[in-house]
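Student: Sending over a structure as structure tokens; questions will come in a sec.
Protein chains in written order, with my numbering: chain A, 0 to 313; chain B, -15 to 507.
And the structure:
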């Protein structure tokens, strides 16, 4: 197992390198550069040239890439071109906020999704199953910007219960936290709960049709014991993978939620970086998303191996 | 106030208005400390309270460096933290601010006497060297100032007395006081190169600045305007999405927003606690017809396109009436140099058809470039497309994204749209956007007579003659210029009614970006 994990980590590092090269070359193809983006409408050729030289954009692309890579390997992701502050500072301001939002959304959605998935699998074909299936399919179908906007209109504009903007509250405590996070977490959960619940149901249903479950039924095990003790551990692999994919979405895919609630997370930082052609910042964000994804998938694999009785004994 | 030592009194007064400075404040300027609050409110302002203000944009490119300011959020932030030598009043006249008196001789050598007893936020007193540094840094290419081309007019800026600065211009320019009121020319302490925080002389001190997130200013107790500012704290954020911005206002999360869509006005006015502020401005989105390309370089084609602009429809349908019909010249009716006698160019498709036929361009295929980057241009292009179809002209609209529009599309196609922000003076607008060698001469229009008039008007002492010259220039652009301006777009802000002292200064939204200096919160 250790060999397997070590090999996975090696592949992950290689993937990161390839992704960084791909992101760098794709953004180089984008029209305009950081100097033009900074000067905007007021750019004149002389000003652009002066600013390019100042930002080091007059060097050839491969040199800039190698320079950036060298910096990253020594732990320095460089200076942001847009506002001349260290990229590390910008990231360290935003990343904890994104992690907090993603963590809260995960803490809310994973138990709910698993419960829905298992219940619908246990009582498949029943009225409860059909109702929850309809609801989850509906949740997948509704785009999250609509969920967010409708939620704002109802809870913030009409009822004044919650804040239309979501900032990390300055006063500690449960009340302010709920006020600030209720709607973004609700919106994010909406989509991922549905996806995770559908996957869980499918995986558990698949296991319930296996001969060993029939054996368990014949032995007289209770339905709860059959699902929790026998089917669920075997279904853990696909479920954990679905959870990992959904959670990786929480970090980088939260851009719509960040925009609507004006939440200062890392997804909007990356969008800023693209708009400003701020290569070092963009690369850093891309690396973080890529890392998060790889780590989650790796964890999912390890968990699947450990939890599955069949794989574990191999 | 401006005093002309070398001229008799009558000329002094004329000079005052010519230079864009109201003479009315004269008396109160004599006594130090007795600052004339030219926007003196009718009711007694209340001290205290905190507001949150949301502007249109906020990104990691946010800055505290006046030279680099690019967007309305930047201007609002800077005016909250810094003061300039002059500042605009509601009629766009430049009023003295950190300057106490401004004298000139021949409109080329300007002497600025500084207000005494002004302190930076760190306690350092304001000195002439700060002013010299703040103005000259724009000329240094390494500063990457947005105002470099304007600052190149400063031939020399030097300390000329214990509390005095002299500016020698490269050529006469009566508009210097208005130029100095621009947010880029706000005063920073001598030698400042690190703008991670702001040390200014403005109404609020920088408590927190997080690019792309927010700026918090706390009341500056040593502000040079007595009794001002009124609020304890202002938090400035950016909300890019317009409906999210309006929602934030209506839910009570923010007290003031700018740039609302005319379609949102009904939502705001339906609330008993909120109001809309319309500012008639010189902002316009224009159709650009490049002179150096075909068919847009043909004078008859240009005129035909101008007749094809359905201004009424643009004003009513696109802006719900929150716009002013324009006449293919860039000076809005509110400007004192507006040429009022100029006949309005009508919407006349038949005339356009005739002109195109005359030019032999009837069957030409056209592509017009529009982008959300130039406000309203996508819809304007659609209206133009419909009008063109009526006279059998085949026009395609190429909608391109905002991202990179200014560097990759603007002024690069025969037909496209541009967007020009309000400029405080006719001279600034003409110099940056219409002079033959202007950097943003959108249509590549070259007119020697126009260039001569422009330079002559800068140094013209006689206000009547100056107005005449600006009138002639407007006529030239109206008749021969390569751009079509359908409407001037009104700036729309919305605010909570508890916020008092709010008004409009037509240089931009958020009260000409200087709301922080003027507003208070009613109990």
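Glycine is no exception: its CB is placed at the ideal position from the N, C-alpha and C atoms. The model shown is predicted, which means the values in this text are computed figures rather than measured ones.
So, using beta-carbon positions, are residue 135(B) and residue 129(B) closer together than 8 Å?
Tutor: Residue 129(B) sits close to residue 135(B), with the two beta carbons spaced by under 8 Å.
Student: Going by DSSP in three states, residue 466(B) sits in which element: helix, strand or coil?
Tutor: coil
Student: Mind listing which residues of the region 41 to 54 of chain A have their C-beta closer than 8 Å to chain B's C-betas, in chain order?
Tutor: 41, 42, 43, 45, 46, 49, 50 and 53
Student: Among 475(B), 35(B) and 495(B), which has the Cα closest to the Cα of residue 262(B)?
Tutor: 475(B)
Student: Please determine, among 217(A), 281(A), 175(A) and 260(A), the residue with the shortest C-alpha to C-alpha distance to residue 187(A).
Tutor: Among 217(A), 281(A), 175(A) and 260(A), the Cα nearest to that of residue 187(A) belongs to 260(A).
Student: Quick check on residue 56(B): buried or exposed, where buried means 16 or more other Cβ atoms within 10 Å of its Cβ?
Tutor: Result: buried.
Student: Closest to residue 238(B) by C-alpha separation, out of 103(B), 481(B) and 316(B), would be which residue?
Tutor: 481(B)
Student: Quick check: what's the CA-CA separation for residue 6(A) versus residue 13(A)?
Tutor: 11 Å
Student: Measure the C-alpha to C-alpha separation of residue 213(B) and residue 76(B) and round it to an integer number of angstroms.
Tutor: 21 Å
Student: Against residue 223(B), what residues of chain A qualify as contacts under a CB-to-CB distance less than 8 Å, listed in chain order?
Tutor: 164 and 261
Student: Output, in chain order, the set of chain B residues within a Cβ distance shorter than 7 Å of residue 314(A).
Tutor: This structure cannot settle anything about residue 314(A), because the visible part of chain A is limited to 0 through 313.
Student: Name, going along the chain, the residues of the region 131 to 146 of chain B whose beta-carbon falls closer than 9 Å to a beta-carbon of chain A.
Tutor: 131, 132 and 133
Student: Check the C-beta distance from residue 454(B) over to residue 441(B) and give it rounded, since I have them as a contact under 8 Å.
Tutor: Correct: roughly 6 Å between the Cβ atoms.
Student: Cβ of residue 390(B) less than 8 Å from any chain D Cβ?
Tutor: The structure shown has no chain D; the protein chains it does contain are A and B.
Student: With residue 399(B) and residue 350(B) assumed to form a contact (beta carbons below 8 Å), what rounded beta-carbon distance in angstroms separates them?
Tutor: 6 Å
Student: Would you please verify whether the beta carbon of residue 197(B) is less than 8 Å from any beta carbon of chain A?
Tutor: yes
Student: Does any residue of chain A bring its CB to less than 8 Å from the CB of residue 360(B)?
Tutor: no
Student: Specify the secondary structure class of residue 494(B) as computed by DSSP and reduced to three states.
Tutor: helix
Student: Could one say the Cβ of residue 106(B) lies closer than 8 Å to chain A's Cβ atoms, at least one of them?
Tutor: no
Student: For residue 203(B), which beta-bridge partners are listed by DSSP?
Tutor: 188(B)
Student: Work out the CA separation of residue 113(A) and residue 62(A) for me, nearest whole Å.
Tutor: 49 Å
Student: Does the separation of the CB atoms of residue 302(B) and residue 216(B) fall below 8 Å?
Tutor: No, the Cβ-Cβ distance between residue 302(B) and residue 216(B) is not below 8 Å.
Student: Please state if the CB of residue 291(B) and the CB of residue 332(B) are separated by a distance shorter than 8 Å.
Tutor: yes
Student: Which residues share a DSSP beta bridge with residue 221(B)?
Tutor: Residue 221(B) pairs with 38(B) and 198(B).
Student: Per DSSP, what kind of secondary structure is residue 8(B) in: helix, strand or coil?
Tutor: Any reading at residue 8(B) must be qualified, since the residue scores a pLDDT of 35, below 50, and its modelled position is unreliable; no value is offered.
Student: Alpha carbon to alpha carbon, how far is residue 231(A) from residue 393(B)?
Tutor: Rounded to the nearest angstrom, the gap between the Cα atoms of residue 231(A) and residue 393(B) is 58 Å.
Student: Who pairs with residue 249(B) in a beta bridge, going by DSSP?
Tutor: DSSP, once it has assigned bridges, lists no residue as partnering residue 249(B).
Student: Among residues of its own chain, excluding the 5 on either side of residue 187(B), which ones have a beta-carbon nearer than 7 Å to its beta-carbon?
Tutor: The answer, listed in chain order, is 64, 204, 207, 212, 213, 500 and 501.
Student: Measuring alpha carbon to alpha carbon, tell me which of 25(A), 15(A), 151(A) and 2(A) ends up nearest residue 276(A).
Tutor: 25(A)
Student: State the Cα-Cα distance for the pair residue 79(B) and residue 69(B), rounded to the nearest angstrom.
Tutor: 9 Å
Student: Contact check, residue 270(B) vs residue 467(B) under 8 Å by CB: the rounded distance?
Tutor: 4 Å
Student: Quick check on this structure: which residue in 27(A), 90(A) and 111(A) has the alpha carbon closest to the alpha carbon of residue 184(A)?
Tutor: With respect to the C-alpha of residue 184(A), the residue from 27(A), 90(A) and 111(A) having the closest C-alpha is 111(A).
Student: Could you give the distance in angstroms between the alpha-carbon of residue 160(B) and the alpha-carbon of residue 318(B)?
Tutor: So the alpha carbons of these two residues sit roughly 20 Å apart.
Student: What is the DSSP secondary structure of residue 94(B), reduced to helix, strand or coil?
Tutor: strand
Student: Is the beta carbon of residue 76(A) sitting closer than 8 Å to the one on residue 283(A)?
Tutor: yes
Student: Do you know offhand how far residue 155(B)'s Cα is from residue 443(B)'s?
Tutor: 8 Å
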